[in-house]
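Residue numbers (our numbering): 1004 to 1248.
We put the beta carbon where it would ideally sit given N, CA and C, even for glycine.
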Amino acid sequence: MALLRHTLASALHAAADVAAETLWPTRCAVCDAPGALICEACRSKLLVIDACMACPVCGAPYGRVQCTECTPLMLKSACRSAIPFDGMAHAMVADDAVRRIVSAYKDRGERRLAATIAALCAPRIAPSWRTSVVAYLPDAPRARRRRGFDHGQELARAVAQAAGLPCAGLFMPPRTADQRALTRAQRFANMAAAIRLAPDAPVPRSVIVFDDICTTGSTLYAAADALRAAGCEAVFALTFGRVLD
């Protein structure tokens, strides 16, 4: 009887999937062509960051020889003298295609993209990071209510699962002004001390802070500061897309 119930349930789920695909066919998040979440043509054009060519300090593409993203001048604009991470890695250059993928996932409700994004990010986790816990930066309450889910939490869990690592909610939602219209210096000022650890959150020895897009790094830097202040020994950063200044 249990086997029969399982068979019937599987058949119903399959029929529901077919019906949903007929009524609302899967479309490419980049070009809107039907058939796949990211079509092969668009996937082949994604600007994958070559780890061998990336900056060994901040993970910026093409920065292996001479990085333009973590220079003293750029760090000065963030009121920093050094990157606050033991390592940073990014899967893709955050061009228009990557932004469309992220927007489709978190703003247009295509939550199936979490697994796709995670599969692209997990290989960027270096062997030396693999004793870490993956942590996410939670959505502000208003954004969570609007979307119906916490996109950062769901995506970080998918990345952790793909990498075979634990995932933990260590941070409180940030309480800051919207970052999108701010300059680089304003973003860092806006985020200073804005990221706090959740009350009584146990701080792991080693943490990978995950975020979808790194624009200036202000949010990630603030998260690193909070972890360091709480005694975290090793802090890494991983993102899906890296914006180039």
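Under the DSSP assignment, A1044 falls in the alpha helix (DSSP H) whose first and last residues are E1043 to K1048. In this structure, DSSP gives Y1108 a helical state, which the three-state scheme calls helix.
I1086 sits in coil when the DSSP states are folded into three classes, being neither helix nor strand. Separation of the CB atoms of V1238 and R1231 is rounded to 7 Å, and the pair is thereby assigned contact status at 8 Å. In this structure, the beta-carbon distance from T1134 to S1080 does not fall below 7 Å. Check the Cα spacing between D1215 and each of R1083, L1123, M1077 and F1088: the tightest is with L1123. A distance below 8 Å between beta-carbons, with the five flanking residues on each side excluded, links A1085 to the following residues of its chain, in chain order: L1078. As computed with DSSP, D1214 is found in a beta bridge with T1242. For L1158, the secondary structure class from DSSP, reduced to helix, strand or coil, is helix. Rounded to whole angstroms, the separation of the alpha carbons of G1038 and T1074 is 43 Å.
Its Cα nearest to that of E1236, the residue D1089 stands out among D1089, R1199, V1060 and C1055. Here the C-alpha atom of T1119 lies approximately 26 Å from the C-alpha atom of A1227.
Note on geometry: alpha-carbon atoms of R1103 and P1130 lie some 30 Å from one another.
Shown here for P1028: same chain residues with a beta carbon closer than 6 Å to its own, the five before and five after excluded, namely P1037 in chain order.
Restricting attention to alpha helix (DSSP H) runs no shorter than 4 residues, the stretch 1128-1159 encloses them at 1144-1150, ordered along the chain. One Cα belongs to A1163, the other to L1173, and the distance between them is close to 14 Å. Straight through space, the alpha carbons of V1212 and L1223 are spaced by roughly 7 Å. Following the DSSP letters along the chain, one finds M1077 inside the alpha helix (DSSP H) bounded by residues P1075 to S1080.
Sequence-distant partners of R1178 (beyond 5 residues in either direction) whose C-beta falls short of 8 Å from its own C-beta, in its chain, are A1143 and A1197. In this chain, the alpha helix (DSSP H) harbouring Y1224 covers S1221 to A1232. The criterion of a C-beta distance shorter than 7 Å is not satisfied by A1117 and V1033. L1076 is classed as exposed because its beta carbon has fewer than 16 other beta carbons within 10 Å across all chains shown. Approximately 17 Å separates the beta-carbon atoms of M1091 and L1050; this is outside 8 Å, ruling out the contact.
Counting the other CB atoms within 10 Å of its CB gives P1176 a total of 16 or more, which places it among the buried residues.
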